[in-house]
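In the working numbering, the protein residues as written are 12 to 318.
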Amino acid sequence: MSPAAPPRVPATALAVGAIVSVQFGNAIAGSTFSEVGSLGAATLRLVFAAIILMAVIRPQVRGWSRRTWGGVVLLGLGLGGMNSLMYLSIDRIPIGIAVTVELLGPLAVAVAGTRRARDLVWVALAALGVVMLGFDPDATLAVDGIVFAAIAAIFWALYIVSSSRLGSVGPGRHPPRGVDALAVAMVVAALLVTPFGAAQATSAIVSNPTVIAVFLGIAVMTSAVPYALEFVALKTMSTRVFGILSSLAPAAAALAGLLVLGQVLTVLQVVAVGAVIVASVGAVAGARPPRGGPEPLTEPGVVPPPG
12 MSPAAPPRVP ATALAVGAIV SVQFGNAIAG STFSEVGSLG AATLRLVFAA
62 IILMAVIRPQ VRGWSRRTWG GVVLLGLGLG GMNSLMYLSI DRIPIGIAVT
112 VELLGPLAVA VAGTRRARDL VWVALAALGV VMLGFDPDAT LAVDGIVFAA
162 IAAIFWALYI VSSSRLGSVG PGRHPPRGVD ALAVAMVVAA LLVTPFGAAQ
212 ATSAIVSNPT VIAVFLGIAV MTSAVPYALE FVALKTMSTR VFGILSSLAP
262 AAAALAGLLV LGQVLTVLQV VAVGAVIVAS VGAVAGARPP RGGPEPLTEP
312 GVVPPPG
């Protein structure tokens, strides 16, 4: 009698686990800002994540065209900008709020060019949520923190658009594997951010070498674990459903902020976060597939969980 097969973990649970892992990793990174600095933390996270992904994936780049390399560089620019600006943001405002504002990036991509009234409703709802954040009488948010999160949203949108363009590399060529593009893009991101955070990171390591172990753990939580979970989840889950679940990132971030950083959101902030989540879910769920244009790289491993 053969032994019973172990129960399979639902793809939904894996996708949610990836999102939770990223946000708790970011919250732990936030707890180190007083020692490492926000850009120092972003540098260490990206450098260790690049090392881990390159070692595990060992990307095959031979035969890549100039167009592919250009797309991967843009992908890395999106990753580097998204992560460094998000850390600058959560150094100033609660992580749940920062991730909520950042979510406007993929929401904008989902409804870009639409003329459907339904999509405009989601845009209006998201805008209302952001406005509520700025008019909460019980909390004052640092304006620069909101601005950094908004710019991070632009870089997240750049990442998504770059990913889509990598899916079309010209006649006679095949698009790169998603995991290969992601690993190389992470190296690009690390190289772009390191000049801005190397001094802080080096100083922190010299003062306290255990910082290395801490950020190795953070890199695993924000890169290796979520990408592995995402890889398995997307074998049985459509990228559309994954996109809908990714809209829950602000909720996961708010929970991480509460448990790790002791950040308690006001009632109005919770309502605002909820409004943006609902808007994002609605926009992603109702998005039309592209017609005639390049398909996004939907291979598991190319779309990073929010963070």
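Every residue, glycine too, gets a C-beta built ideally from N, C-alpha and C. Remember, it's a predicted structure, so these values are computed and weren't measured experimentally.
Taking R129 as the centre and dropping the five residues before and after it, the same chain places the C-beta of G297 closer than 7 Å to its C-beta, in chain order. By a beta-carbon distance limit of 8 Å, F59 does not contact F207. Their separation comes to about 17 Å. In the displayed model, S76 falls within coil according to three-state DSSP, outside both helix and strand. Your pair S95 and A109 does not check out as a contact, with CB atoms roughly 13 Å apart and the cut at 8 Å. Taken atom to atom, the span from the alpha-carbon of R103 to that of F44 is near 11 Å. Exposure of Q71 is indicated by the presence of fewer than 16 other C-beta atoms within 10 angstroms of its C-beta. Non-local beta-carbon contacts of Y170 in its own chain, meaning distances under 7 Å to residues more than five positions away in sequence, involve L86, G89, L90, M93 in chain order. For D191, the secondary structure class from DSSP, reduced to helix, strand or coil, is helix.
T233 counts as buried, since no fewer than 16 other beta carbons sit within 10 angstroms of its beta carbon. Here the alpha carbons of L177 and G189 stand approximately 9 Å from one another. DSSP, read as helix, strand or coil, puts Q274 in coil.
The Cβ neighbour count for S76, taken over all protein chains shown within 10 Å, is under 16; the residue is labelled exposed. Inter-residue distance for L139 and T111 is about 12 Å (C-alpha atoms, whole angstroms). Going by C-alpha positions, F159 is about 11 Å away from F166. Judged by DSSP secondary structure, N219 falls outside any alpha helix (DSSP H); it is assigned neither H nor E.
Under the DSSP assignment, Q34 falls in the alpha helix (DSSP H) whose first and last residues are 22 to 41.
Listed in chain order, the non-local C-beta contacts of L240 below 8 Å within the same chain comprise L25, A26, G28, A29, S32, local neighbours out to five positions each way being set aside. The beta carbons of A61 and A201 sit about 4 Å from each other, so the pair counts as a contact at 8 Å. Contact annotation: S258 and I288 have beta-carbon atoms nearer than 8 Å.
Following the DSSP letters along the chain, one finds S173 inside the alpha helix (DSSP H) bounded by residues 154 to 177. Contact between A290 and L144 is absent: CB atoms are separated by about 13 Å, not below the 8 Å threshold.
The DSSP-derived three-state label of D147 is coil. Contact between L55 and M197 is absent: CB atoms are separated by about 13 Å, not below the 8 Å threshold.
Non-local beta-carbon contacts of S173 in its own chain, meaning distances under 7 Å to residues more than five positions away in sequence, involve G82, L85, L86, G89 in chain order. Across the set N219, L203, A40, the C-alpha of A40 shows the shortest separation from the C-alpha of I229.
Per DSSP, M65 is one residue of the alpha helix (DSSP H) stretching across 49 to 68. Residues S49, A52, A53 of the same chain have their beta carbon placed closer than 6 Å to that of Y98, with the five preceding and five following residues left out of the count. Nearest neighbour of A163 by Cα position, chosen from F146, L114, V141, V204, turns out to be L114. Between the alpha carbons of L266 and Q280 lies a gap of roughly 13 Å.
For D147 and R78, the gap between their C-alpha atoms comes out near 46 Å.
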